[in-house]
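Counting in this note's numbering, the sequence shown runs from 38 upward without gaps.
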Amino acid sequence: MKPLHGFSLIEVLVALVVLSIGMLGIAALHIDGVRTGYSALQRTHAVNLTADMADRIRANPAGNYNVGAGAAGAAPGVACADTASGAAPGDCTPDQMAAYDVWEWRSAIEPSAATGLPGGAGRIDLDTATDPDSLVITVSWSDKGQTRDYRLTVQQ
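The structure is reproduced here in structure tokens:
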């Protein structure tokens with residue numbers, strides 16, 4: 038019987054193909070895990086921002102938080118609770134404090150902020166269909182080409 042030359046080379050090439058397919062599968066799983074982790078991070082950030090605004094509304098029940106949608110824009114005229122300017126929280130009316138809270142909150146949501154959400158936007162709407170009236174806080178952002186949002190209702 039004649040020895041078969043090159044048979045081991047074919048076995049090695051087949052093993053390399055099988056190994057390559059396995060490595061591509063592992064890489065795909067890793068990429069999917071990273072994307073899913075980033076989506077979870079964005080959602081957690083949106084939940085935290087929404088809860089932050091709910092806490093601000095509960096702390097200042099006399100303030101007008103029914104502001105709808107909009108960009109943060111320029112800082113309000115009165116920098117409530119801003120220790121850098123020396124203003125104390127008592128120096129503001131409830132509506133001025135609400136305006137400052139909304140500005141600070143929207144500034145944290147916008148994508149231009151270091152901790153902002155991609156395509157981030159925030160809105161607060163009055164829901165008069167409930168008794169007592171409540172405010173609906175919504176944070177929206179872009180995730181995997183779709184718009185996601187998180188809503189929280191707070192009694193006023």
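In this text, a Cβ means the ideal position worked out from N, Cα and C, and glycines have one as well.
A quick note: this is a predicted structure, and the numbers were derived from the prediction, not measured.
With fewer than 16 other CB atoms across the displayed protein chains lying within 10 angstroms of its CB, HIS67 is exposed. In this structure, the alpha-carbon of GLY156 lies about 16 Å from that of THR87. In terms of Cβ geometry, ILE161 and GLY153 do not form a close pair [threshold 7 Å]. Annotated as proximal: ASP170 and GLN193, with beta-carbon spacing under 7 Å. Given a length threshold of 3 residues, the region 63–93 has no whole run of the beta strand (DSSP E) inside it.
Distance between PRO113 and SER144, taken at the CA atoms: about 12 Å.
Residue burial is scored here from C-beta neighbours: ILE58 has fewer than 16 other C-beta atoms within 10 angstroms and is therefore classed as exposed. Note on ARG188: under 16 other CB atoms within 10 angstroms of its CB, so exposed under the neighbour-count rule. ASN97 places its beta carbon less than 7 Å from that of ALA135. The alpha-carbon of TYR75 is positioned some 17 Å away from that of ALA64. In this structure LEU163 does not touch ILE94 by the C-beta definition: roughly 11 Å separates them, more than the 8 Å allowed. Residue state for ASP128 is assigned as helix, using DSSP reduced to three classes. In this structure, DSSP gives VAL191 an extended state, which the three-state scheme calls strand. Within its own chain, the residues whose Cβ lies closer than 8 Å to the Cβ of ALA106, once the five positions on either side in sequence are excluded, are ALA158, GLY159 and ARG160, listed in chain order. Counting only the Cα atoms, ALA83 lies some 11 Å from ILE174.
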